[in-house]
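Residue numbers (the numbering used here): 2 to 316.
Just so it is clear, CB atoms sit at the ideal spot from N, CA and C, and this is done for glycine as well.
Only one structure is covered here, and it is reproduced in the block below.
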């Protein structure tokens, strides 16, 4: 079975206004346009011309993109580009690529991907060779930036890795006191639950052109907080899908630091011998719904947490 990681890929308006969100049709338009670029480069054997440069002479690119009704599917590829191979001891030339129509690579790895237009979530196969989260996000941002600008000049692209909400729930459950809490959230094409939580923070944030909120809770030196502020709590809940949180807390007189980014959502997708490629990609598409659920604390849990913090703040 293959393991997948998931990324919330958002194309957001520079003016922050909700009426300018691109919706599922907009995401489909972007990937449809970019698929023409990628597939043309592949046909003409010019993938290096559209790839993103990595360290150690490696390159990263989409290799193939197919557009379906609800999602895009295909392959990402990481490769080096070798023109000559020389024997170490004799300096004899073992290989020389003289063809302009071919690419020789000694380190080539492919990764399946699916992008859900409605949820704007990208699933990427997380096997050996996948770039680190930071590098992968930088690469995909670089690859898609030009197409996003061409299609939506007044928008920008943001990518956040989905993290497992159960890790956050564990921290909130076991923490005796809090030493420091930091959170960052980027506004998205939010669903009903996210809008409800965001409304607790600032109903006019999008209208006021606020794209990202960063907040920190820090008590006086050598002191701790009994609870997380009601200002931060909705942001922390949202950050599993829309951002990142760091929490330093005390448990049984021991200081523990929780980094949300260290708990990415991972799902396994199986493939049997009877499956076609389309069948397999459909399975990956289905896993995105499960991944989103994992990245979100359940609605009942959200209500419980928020109710608890309202009570504590009112005491």
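Using the C-alpha atoms, what's the distance from residue 40 back to residue 47? 10 Å
According to DSSP, simplified to helix, strand and coil, what is residue 294? Residue 294 falls in the helix class under three-state DSSP.
Quick one: using the 10 Å Cβ neighbour count with 16 as the cut-off for buried, is residue 60 buried or exposed? buried
Given residue 248, which residues of its chain have a CB within under 6 Å of its CB, disregarding the five upstream and five downstream residues? Excluding residues up to 5 positions away in sequence, 172, 182, 259 lie with their Cβ nearer than 6 Å to the Cβ of residue 248 in the same chain.
Can at least three beta-carbon pairs, one atom from the stretch 213-233 and one from the stretch 273-284, be found at a separation below 8 Å? no
Tell me which same chain residues have a C-beta within less than 7 Å of the C-beta of residue 149, skipping the five on either side of it? 12, 31, 156, 158
Using only the heavy atoms of the ligand GDP, determine whether one of them is closer than 7 Å to the beta carbon of residue 223. As far as ligands go, the structure on display features none, and thus does not contain the ligand GDP.
Roughly how many angstroms lie between the CA atoms of residue 203 and residue 43, to the nearest whole one? The predicted position of residue 203 is uncertain, since its pLDDT is 49 and thus under 50; a value taken from the coordinates is nonetheless stated next. Looking at the two C-alpha atoms, the distance is approximately 47 Å.
Beta-carbon contacts of residue 233 that lie in its chain and below 7 Å, excluding the five residues immediately before and after: 182, 184, 216, 218
Per DSSP, what kind of secondary structure is residue 245 in: helix, strand or coil? In the structure shown, residue 245 adopts extended strand secondary structure according to DSSP, grouped into three states.
Spatial neighbours of residue 317 in its chain, beta-carbon cut-off 8 Å, leaving aside the 5 residues before and after: Because the chain here runs from 2 to 316, residue 317 falls outside it and cannot be looked at.
Nonlocal neighbours in the same chain, by C-beta distance under 6 Å from residue 261, ignoring five residues either side: Correct list, in chain order: 164, 245, 246.
Tell me the DSSP secondary structure of residue 157 in three-state form. strand
Short of 8 Å in beta carbon distance, which residues of its chain neighbour residue 160, apart from the five on each side in sequence? Order them along the chain. 8, 9, 10, 11, 123, 138, 141, 142
If you draw a straight line from the C-alpha of residue 3 to the C-alpha of residue 136, how long is it? 21 Å
If you count every other CB in all the chains shown that lies within 10 Å of the CB of residue 162, and 16 or more means buried, which is it? By the neighbour-count rule (16 or more Cβ atoms within 10 Å), residue 162 is buried.
Using DSSP with H/G/I as helix, E/B as strand and the rest coil, what is residue 75? strand
Less than 8 Å between the C-beta atoms of residue 34 and residue 144, yes or no? Cβ atoms of residue 34 and residue 144: not closer than 8 Å.
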